[in-house]
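*Asks:* For reference, the structure I am asking about is given below.
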Amino acid sequence: MSTKLRSPLARVRGLGSAKDGTGHWWAQRLTALALVPLTIWFVAGVIGHIGAEHDELLQWIGHPVTAGLFLLLIGATFYHASLGVQVVIEDYLHNEWIKLAALLVMKAAFLVLGLAAALAVLSILFA
Amino acid sequence: MSAQEQTAKRPLSPHLQVYRPQLTSVLSILHRITGVALAAGTLLLVWWLVAAAVGPEAYAAASGFIGSWLGLFMLLGWSAALFYHLANGIRHLVWDAGYGFELETVYRSGWAVVAATAVLTVLAWIVGLATW
Numbered sequence: 001m002s003t004k005l006r007s008p009l010a011r012v013r014g015l016g017s018a019k020d021g022t023g024h025w026w027a028q029r030l031t032a033l034a035l036v037p038l039t040i041w042f043v044a045g046v047i048g049h050i051g052a053e054h055d056e057l058l059q060w061i062g063h064p065v066t067a068g069l070f071l072l073l074i075g076a077t078f079y080h081a082s083l084g085v086q087v088v089i090e091d092y093l094h095n096e097w098i099k100l101a102a103l104l105v106m107k108a109a110f111l112v113l114g115l116a117a118a119l120a121v122l123s124i125l126f127a
Numbered sequence: 128m129s130a131q132e133q134t135a136k137r138p139l140s141p142h143l144q145v146y147r148p149q150l151t152s153v154l155s156i157l158h159r160i161t162g163v164a165l166a167a168g169t170l171l172l173v174w175w176l177v178a179a180a181v182g183p184e185a186y187a188a189a190s191g192f193i194g195s196w197l198g199l200f201m202l203l204g205w206s207a208a209l210f211y212h213l214a215n216g217i218r219h220l221v222w223d224a225g226y227g228f229e230l231e232t233v234y235r236s237g238w239a240v241v242a243a244t245a246v247l248t249v250l251a252w253i254v255g256l257a258t259w
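Residue numbers (the working numbering), protein chains in the order written: chain A, 1 to 127; chain B, 128 to 259.
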C-alpha cells in the first residue's frame, strides 16, 4: 500500500479503537483542560455554601455567572466522563454486541444525566 | 503477517499475577478507577441540582442524605477521588505536552500527586467542617 502522497493527518483519521482517529483523544484532553479551573471553582463554591438554606443556594446558582459556569461544568464533565468510560468499556468488553449495548446505554445515561443537570440549572436561573 | 502468525499464542504483558506493583502502575490504574467512580458520583451531583430546582422539600431530602454518615462517607471518597483525578490529570496533560518522561521525574511527579491529593482532601474537609 502506497501512503507516500497522504499527509500524516490523513493517515491517522479513522484509526484507533473507536475508529475516529485523534478526535476522541483530542476532545478528552480539551475537556480535561477546561475541567481544571471549572472543578476548582465548583469545589470552592460548594464549600462556600455548605449548610446553606435552600433560598441561599438558589440565589447563588441563579446568578447568571454561576449558572453559566455550572452549564460549562456540566457539559465538560459529562462529555469527559462519556469519553473516559467509553475507553474503559472498549478495553474490557470484547464481545462486539455486549460492547455496543454497553456503549449505547452508557452514552444515553450520561446524556440524560447531563440534560437533567442543565435543565435544573436553567430552571433555577429563569425561576 | 501470515494467518499462522496471527493465531499463534503470544505471551501477554503485563502478566498481572506476577507483576510487582509499582508507583507508576498503581497510579495509572487509580486514574481509571477514580475516573469511573467520579462518573458514577455524578449521580449525587445531579440529584443535588435537580432537588434544588424542584423545591425546599426535595432539597432538604437531598442535603439530609449528603449530611448523613453514609452521605458524608461517600462525599469523602468522592472528594479524594476528585482531587486525585484532578492532580494526576494535570500530570497526564504535562505528559501529553511532551514533558516529564524521565524515570526520576515520573516518580517525583507521582509522589507529588499523592501528596497533593492528601493535602487538598484534608484541607477541603477542614474548611468545609469549620464552616458547616
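From the three backbone atoms N, C-alpha and C, an ideal C-beta is built for every residue, glycine too.
All values derive from a computational prediction rather than experimental measurement.
Among the candidates A:64, A:77, A:8, A:51, whose CA atom is the shortest distance from the CA of residue 187 of chain B?
*Replies:* Taking only the C-alpha atoms, the option nearest residue 187 of chain B is A:51.
*Asks:* Please return the same chain residues whose Cβ sits closer than 6 Å to the Cβ of residue 189 of chain B, not counting the five positions on each side in sequence.
*Replies:* Only 174, 175, 178 meet the Cβ criterion.
*Asks:* If I follow the unbroken alpha helix (DSSP H) through residue 211 of chain B, where does it start and stop?
*Replies:* Unbroken alpha helix (DSSP H) run through residue 211 of chain B: 196–223.
*Asks:* Helix, strand or coil for residue 74 of chain A? Go by DSSP, reduced to three states.
*Replies:* Three-state result, residue 74 of chain A: helix.
*Asks:* Could you run through the region 145–171 of chain B and flag, in chain order, every residue whose CB is less than 9 Å away from some CB of chain A?
*Replies:* Listed by position along the chain: 159, 162, 163, 165, 166, 169, 170.
*Asks:* Where do the ends of the alpha helix (DSSP H) carrying residue 48 of chain A lie?
*Replies:* Segment 23–48, the alpha helix (DSSP H) holding residue 48 of chain A.
*Asks:* Which bits of chain A does residue 259 of chain B rub up against, with CB to CB less than 8 Å?
*Replies:* Going along chain A in sequence order, the residues near residue 259 of chain B (Cβ under 8 Å) are 50, 51.
*Asks:* Is residue 179 of chain B close to chain A? Criterion is C-beta to C-beta, closer than 8 Å.
*Replies:* Yes - at least one Cβ of chain A is within 8 Å of the one on residue 179 of chain B.
*Asks:* How would you list, in chain order, the residues of chain A whose beta-carbon sits under 9 Å from the beta-carbon of residue 217 of chain B?
*Replies:* Neighbours of residue 217 of chain B on chain A, chain order: 32, 36.
*Asks:* With a threshold of 8 Å between beta-carbons, can residue 65 of chain A be considered close to chain B, or not?
*Replies:* No, residue 65 of chain A lies away from the interface with chain B (no Cβ there is under 8 Å from its Cβ).
*Asks:* Excluding the 5 residues preceding and the 5 following residue 211 of chain B in the sequence, name in chain order all residues of the same chain whose CB lies nearer than 6 Å to its CB.
*Replies:* Excluding residues within five positions, the ones whose Cβ falls inside 6 Å are 161, 244.
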